[in-house]
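Asks: The opening position of the sequence shown corresponds to residue 1 in UniProt numbering, with each subsequent residue numbered one higher. Positions of the beta carbon are idealized from the N, C-alpha and C atoms, including for glycine.
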Amino acid sequence: MGTEVVNILTMAKVIQTAVAPVFLITGIAATLGVLSNRLARITDRARTLERKLKISSDEEFNRSLATELRALLKRARCIHIAFSFSVLSATLVSAVVMLLFMANIQAINLGTAIAGCFMVAMLLLILAFIALLGEVFLATRSMRRGMIFADIDLGE
1 MGTEVVNILT MAKVIQTAVA PVFLITGIAA TLGVLSNRLA RITDRARTLE RKLKISSDEE
61 FNRSLATELR ALLKRARCIH IAFSFSVLSA TLVSAVVMLL FMANIQAINL GTAIAGCFMV
121 AMLLLILAFI ALLGEVFLAT RSMRRGMIFA DIDLGE
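1) In the DSSP assignment, find the unbroken alpha helix (DSSP H) run with Ala107 in it and report its ends.
2) If we ignore side chains and look at the alpha-carbon of each, how far apart do Phe101 and Lys74 end up?
3) Leaving out five residues on either side along the sequence, give the residues of the same chain with a beta carbon under 7 Å from the beta carbon of Val120.
4) What's the gap between the Cα of Ser56 and the Cα of Leu127?
5) What is the C-beta distance between Ser89 and Ile28, in whole angstroms, given that I count them as a contact (C-beta under 8 Å)?
6) Under 8 Å, with one C-beta from each stretch per pair, do the segment 28-42 and the segment 66-80 reach the 3-pair mark?
7) Ala103 to Thr140, Cα distance in whole Å?
8) DSSP three-state label for Asp58, please.
9) Quick one: Cα of Ile130 to Cα of Ala30, how far?
10) Under the rule that 16 or more other beta-carbon atoms within 10 Å means buried, what is Arg145, buried or exposed?
11) Give the secondary structure of Arg47 by DSSP, where H, G and I count as helix, E and B as strand, and everything else as coil.
12) Expressed to the nearest angstrom, what Euclidean distance is found between the alpha-carbon atoms of residue 160 and Asn62?
13) By Cβ distance, which residues of its chain are closer than 6 Å to Asn117, with the 5 residues on each side in sequence left out?
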C-alpha cells in the first residue's frame, strides 16, 4: 500500500475519532441555548420589576420587589457561571479535535495534552450543570415563597 493511501486511511480514522467530540460540542451548544433562554427570562422579569419599583410608593410592595430582584440576581449569577463554564468546555473540546489532527499531521504524541484537555472540558461541563441546577433550585425556592407570582391575580 502506498503512503498516500495509508495517510488517507489514517486521516479517515482521525476524522472518525473526532466525530464524538463534535457531537459533544453540539450538546454543549444546546445547553447554551437553554441557558440563554433562562437568562433572557430572568432579565425580562427583572426589568419588569424595576419599572414597578420606580413607579410604586408602597414601601411593603417595594420591599417584596427588592427581595425578588435579589433572588433574580442570584439566579442570573448562576446562569452566568454555567454559561461561562459551558463555553470554556466547548473551547477545550474544540482544542481536543484540533490536537487530534495536529498529532496526526505532525506525527507527534499529543495524547497527554488531548486527555488533559478532555478531562478539564468534562470537569467544566460538570460545573456548568451544577450551576444550572443551582439556578433551578433558586427558581423553585422563589416560586415556593410566592415571590414570582405574588402580583398575578389567579382569579380566586
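Replies: With the given structure in hand:
1) Taken as a continuous stretch (DSSP letters only), Ala107 belongs to no alpha helix (DSSP H), as it is neither H nor E.
2) 41 Å
3) Leu92
4) 39 Å
5) 6 Å
6) yes
7) 47 Å
8) coil
9) 16 Å
10) exposed
11) helix
12) Residue 160 lies beyond the range of the chain shown here (1 to 156); nothing can be said about it.
13) Going by the sequence as given, residue 117 is Cys instead of Asn. The answer, listed in chain order, is Leu92, Ala95, Val96.
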